[in-house]
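Data block below; observations after.
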Amino acid sequence: MIDWTNFSDKARQAEARVRRLFEPTPCLRNDHLSVAYGCDVWLKREDLTPVRSYKLRGAWNAMVKAREKDPSIELFVCASAGNHAQGVAFACREFGVRGVIFMPVTTPQQKIDKTRVFGADMVEIRLVGDYFDNTLDAARAYCADEGGHFLAPFNDTDVIEGQATVAVEFMSQMVPDMVILPVGGGGLSSGVLSYLKEVSPTTEIYFVEPSGGTSLAAALEVGELVTLKNVDSFVDGAAVARIGEIPFEVLKDVPKDHVLSCPEDRICSTMIEMLNVEGIVLEPAGALSIDALWDIRDHIRGKRVLCVTSGGNFDFERLPEVKERAQRFRNLKKYFILRMPQRPGALRDFLDMLGPQDDIARFEYLKKSARNFGSVLIGIETTDSNSFAHLFQKMDDAGLVYRDITNDQALAEFVL
1 MIDWTNFSDK
11 ARQAEARVRR
21 LFEPTPCLRN
31 DHLSVAYGCD
41 VWLKREDLTP
51 VRSYKLRGAW
61 NAMVKAREKD
71 PSIELFVCAS
81 AGNHAQGVAF
91 ACREFGVRGV
101 IFMPVTTPQQ
111 KIDKTRVFGA
121 DMVEIRLVGD
131 YFDNTLDAAR
141 AYCADEGGHF
151 LAPFNDTDVI
161 EGQATVAVEF
171 MSQMVPDMVI
181 LPVGGGGLSS
191 GVLSYLKEVS
201 PTTEIYFVEP
211 SGGTSLAAAL
221 EVGELVTLKN
231 VDSFVDGAAV
241 ARIGEIPFEV
251 LKDVPKDHVL
261 SCPEDRICST
271 MIEMLNVEGI
281 VLEPAGALSI
291 DALWDIRDHI
301 RGKRVLCVTS
311 GGNFDFERLP
321 EVKERAQRFR
331 NLKKYFILRM
341 PQRPGALRDF
351 LDMLGPQDDI
361 ARFEYLKKSA
371 RNFGSVLIGI
381 ETTDSNSFAH
391 LFQKMDDAGL
401 VYRDITNDQA
411 LAEFVL
């Protein structure tokens, strides 16, 4: 059993250590969201740390404490494909110690390059395994063989203390009625909860997971840790199959109705909104707390609400995918397969059904001479979410046979 007493003192000590690296991230009121939801919305901008996520806090605190206990430690090891890797790399460079970071072979090159830049010549990157579990096993084995210190991304009390410095900062910047936190492995959420329990027990906290990775909700449902069979990795900073054992010790009494899940396509819509309206670049996990405002919109009216934007490490090569998923969520883009008669003028008849705001984004037609009909894959974009109801009604009236495959994941992934 871990001693969680006087956690606020430990978090303040961790905050003093973090100040050796960077100034507090800003806590900013957002007018756009405040007007939209009829409340006072503030953003704790963890996307503005030196590595564009809060992960540097925990990595640095754990590294400093490890060296205080054993100054002879010269090697730190971790396994990560994202923000934790970048945090460890940055901390190794600043501390002047060697780091070996294991990443899956499938890690995007952009993340590998950024980790290498942050670590400079102090960090070695090893690409091992197609899946993270294989990468983690290799990292732990290497660490044991080389006598290094393993830096876990969330299942570590020193890391949790470091992540709690987010709360130490925002409580000195403003006092919220409610805090909304993203949840992945649980390091940030358990740290903030532990701190607020002692310094502001009346502050209401909501915890947010992506719909494709609800490991906290699953564990709360049965009262023990659960490993999810399937995880949608799109929200890669928060989609984990199993929440950490140590964080769950803190989170196990969280009310179930205070754990929210956000659909991935809606998260994309929020990312696009924040980019276009506010000029704020967020990764999917960084947008979770903002996206969740919609689910509790009636409950937050008139309150001062703090959303922790946990990271902004977004690869813009993913922007087309994010934009398309956002359009699908807003009912502004659909794909369907249409049986079109093989006769002159059939295509013109279909085009006449489109409204003035409808645009063809994709069209694939294979004419087969031995058949009376051919299959057509069509993608339609519009600026009016009601357009599709009118289009489908016209198609029904004309007796056309079609199938909407927009939300058929298996089929859409195969043909789109």
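Here full-length UniProt numbering is used: position 249 in the sequence shown is 249, and no number is missing along the way.
All residues carry an ideal CB built from backbone N, CA and C; glycine is no exception.
Nothing here was measured: the structure is a model prediction, and the numbers come from that model.
Cβ neighbours of residue i in the same chain (closer than 7 Å, five flanking residues each side left out)
i, result
"P341", "N372, F373"
"S190", "I160, P247, V250, L251"
"T227", "A241, R242"
"E146", "L75"
"V254", "F207, L220"
"A152", "V159"
"R266", "D291, F329"
"F118", "V51, Q86, A89, F90, R93"
"D404", "K334, F336"
Closer than 7 Å: residue i CB and nearest the ligand GTP heavy atom
i, result
"H32", "For the ligand GTP, the structure offers nothing, since it holds no ligand at all."
Residues sharing a beta bridge with residue i, DSSP
i, result
"L28", "L43"
"Y335", "G379"
"E124", "V100"
"G311", "S53"
"L306", "W42, V179"
"S261", "E209"
"E204", "M178"
"P344", "Bridge partners of P344: none, in fact."
"I290", "For I290, which the question treats as bridged, DSSP gives no partner whatsoever."
"V401", "R339"
"E364", "L377"
"A79", "F102"
"F150", "V77"
"D236", "Answer by DSSP bridge pairing: none, since D236 is not bridged."
"D359", "E381"
Beta carbon of residue i nearer than 8 Å to that of residue j
i, j, result
"K55", "H32", "no"
"P210", "L288", "yes"
"A58", "I160", "Checking the displayed sequence, the identity of residue 58 turns out to be Gly instead of Ala. Cβ distance < 8 Å, so G58 and I160 count as in contact."
"I243", "S200", "no"
"D47", "R29", "no"
"E269", "W4", "Residue identity differs from the one stated: residue 269 is Ser in this sequence, not Glu. No, the pair does not count as a contact, with Cβ atoms beyond the cut-off."
"F95", "R126", "no"
"E204", "M174", "no"
"Q86", "V51", "yes"
"T309", "K111", "no"
"E198", "S8", "yes"
"Y37", "R330", "no"
"A292", "C262", "yes"
"V277", "G162", "no"
"S53", "G311", "yes"
Supposed close pair residue i, residue j - CB separation, criterion 8 Å
i, j, result
"V235", "G213", "7 Å"
"I378", "F388", "No, I378 and F388 are not in contact; Cβ-Cβ is about 12 Å, not under 8 Å."
"G184", "G237", "6 Å"
"E15", "V240", "Not really, about 26 Å apart at Cβ, beyond 8 Å."
"residue 444", "V128", "Residue 444 is absent from the structure shown; the chain starts at 1 and stops at 416."
"F170", "C27", "5 Å"
"M271", "L282", "6 Å"
"I180", "L275", "The Cβ separation is near 20 Å, so there is no contact."
"A89", "T115", "5 Å"
"A62", "D158", "4 Å"
"A164", "A11", "4 Å"
"E264", "D315", "Contact flag wrong, Cβ pair sits at about 16 Å."
"K394", "M353", "4 Å"
8 Å Cβ shell around residue i - same chain, five flanking residues per side excluded
i, result
"T406", "R328, K333, K334, Y335, F336, A412"
"D358", "I380, E381, T382, S387, L391"
"R98", "E74, L75, F76, C92, M122, V123, E124"
"E245", "N155, L225"
"G355", "T382, D384, S387, H390, L391"
"T202", "none"
Cβ-based neighbour list, residue i, same chain, cut-off 6 Å, excluding 5 preceding and 5 following
i, result
"H149", "A66, I73, F76"
"K256", "L220"
"D384", "Q357"
"R20", "none"
"C143", "V77, F150"
*When the Cβ atoms of the segment 324-336 are set against those of the segment 118-128, are three or more pairs found closer than 8 Å?*
no
*Spell out a yes or no on whether the segment 123-138 and the segment 56-75 are touching, meaning 3 or more CB-CB pairs, one atom from each, closer than 8 Å.*
Result no; under three Cβ-Cβ pairs closer than 8 Å.
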